[in-house]
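**Student:** Sharing a structure with you now.
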Ligand code: GRF
């Protein structure tokens, strides 16, 4: 069977991109990354893509007069590569509602908190400030509002008393690298359905979409 064609959008380091690249390297993985597009020319993720022989493109918002024009060009690039599914992996731009709607339930994001808590770019700082005992990550379908959308999978990790943003970030990131490939696998296998903005995962034990990582 032909594999699901994935476009990955990045802006930075691309460690989640790397986790997806590694998963796509497995013979039985049902998806392949056909293009990586970065909003920043110096994103290290571009090197990761090139190293794996994946077309790596840059789309700089400064070259576009509006958000809509930027997204239209993004759409053209994805169409040109016959992309079926788009994964946001540290992509630091808000996409227009028109773009998001056109990718309904085919556009996924990973966020470093247990959504709907701690949306935005300071998830770890906010989690520590709130004094929560547990944080984690969420893979979700994207909706027009930032960090909102039906949740596919979450992993929970402890927040320890001496945690800094960096330490907690590393603990969460390790789980992001577990969750994102699994969520993409389910999506590519056609196991996911969205009813009333809740995700059902067929033929997968419910617990597999809710990982609990104990303190160590
Ligand atoms: C991750 O923490 C992801 O959840 C967030 O941005 C970060 C990207 O990291 N959306 P990387 O570029 O994948 O290493």
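Numbering (the working numbering), first residue to last: 3 to 218.
Just so it is clear, CB atoms sit at the ideal spot from N, CA and C, and this is done for glycine as well.
Nothing here was measured: the structure is a model prediction, and the numbers come from that model.
1. Taking the beta strand (DSSP E) that residue 34 belongs to, which residues open and close that run?
2. Based on Cα-Cα distance, which residue from 204, 215, 37, 161 lies nearest to residue 82?
3. Please indicate yes or no: does the CB of residue 112 lie closer than 7 angstroms to some heavy atom of the ligand GRF?
4. So what's residue 111 in DSSP terms, helix, strand or just coil?
5. Is residue 60 helix, strand or coil when you go by DSSP?
6. Just curious, the alpha helix (DSSP H) that residue 92 is in, first and last residue?
7. Beta carbon of residue 108, beta carbon of residue 87: below 8 angstroms?
8. Around the Cβ of residue 41, are there at least 16 other Cβ atoms within 10 angstroms (buried) or fewer (exposed)?
9. Can you grab the Cα-Cα spacing for the pair residue 48 / residue 61, in whole Å?
10. Quick check: is any heavy atom of the ligand GRF less than 7 angstroms from the C-beta of residue 175?
11. Count Cβ pairs between the region 156 to 176 and the region 112 to 129 that sit closer than 8 angstroms; are there 3 or more?
12. Is it the case that the CB of residue 139 approaches a heavy atom of the ligand GRF more closely than 7 angstroms?
13. Of all the options 172, 66, 6, which has the alpha carbon lying nearest to the alpha carbon of residue 84?
14. With 16 as the cutoff for other CB atoms within 10 Å, does residue 9 come out buried or exposed?
15. I need the DSSP call for residue 53, collapsed to helix, strand or coil.
**Tutor:** Walking through what the data contain:
1. Your numbering for residue 34 matches position 32 in the chain shown. Looking at the DSSP string, the run of the beta strand (DSSP E) that includes residue 34 is 33 to 40.
2. Within the chain shown, residue 82 is the residue found at index 80, counting from 1. Among 204, 215, 37, 161, the Cα nearest to that of residue 82 is on 37.
3. For the purposes of this step, residue 112 is taken as the residue at position 110 of the chain shown. Yes, the beta carbon of residue 112 sits closer than 7 angstroms to at least one heavy atom of the ligand GRF.
4. Taking the chain shown and counting its residues from 1, one reaches residue 111 at position 109. Residue state, collapsed to three classes: strand.
5. Here residue 60 corresponds to residue number 58 of the chain shown, with the count starting at 1. Strand at residue 60.
6. Along the chain shown, read from residue 1 onward, the residue named residue 92 stands at position 90. It is not in any alpha helix (DSSP H) - residue 92 carries neither H nor E in the DSSP assignment.
7. Here residue 108 is taken as the residue at index 106 of the chain shown, counted from 1. Here residue 87 is taken as the residue at index 85 of the chain shown, counted from 1. Yes, the pair counts as a contact, with Cβ atoms nearer than the cut-off.
8. Within the chain shown, numbered from 1, the residue matching residue 41 stands at position 39. Buried, by the Cβ-count rule.
9. In the chain shown, counting from the first residue as 1, residue 48 sits at position 46. In the chain shown, counting from the first residue as 1, residue 61 sits at position 59. Approximately 12 angstroms, taken between the alpha carbons.
10. One-based indexing of the chain shown puts residue 175 at position 173. Result yes, Cβ under 7 angstroms from the ligand GRF.
11. With the rule of 3 Cβ pairs closer than 8 angstroms, the region 156 to 176 counts as touching the region 112 to 129.
12. In the chain shown, residue 139 corresponds to position 137, counting from 1. Yes, the Cβ of residue 139 comes within 7 angstroms of a heavy atom of the ligand GRF.
13. Taking the first residue of the chain shown as 1, we reach residue 84 at position 82. The alpha carbon of residue 84 has as its nearest neighbour, out of 172, 66, 6, the alpha carbon of 6.
14. Taking the first residue of the chain shown as 1, we reach residue 9 at position 7. Flag for residue 9 reads buried.
15. The residue labelled residue 53 in the question sits at position 51 within the chain shown. The answer is helix: DSSP assigns residue 53 an H, G or I state.
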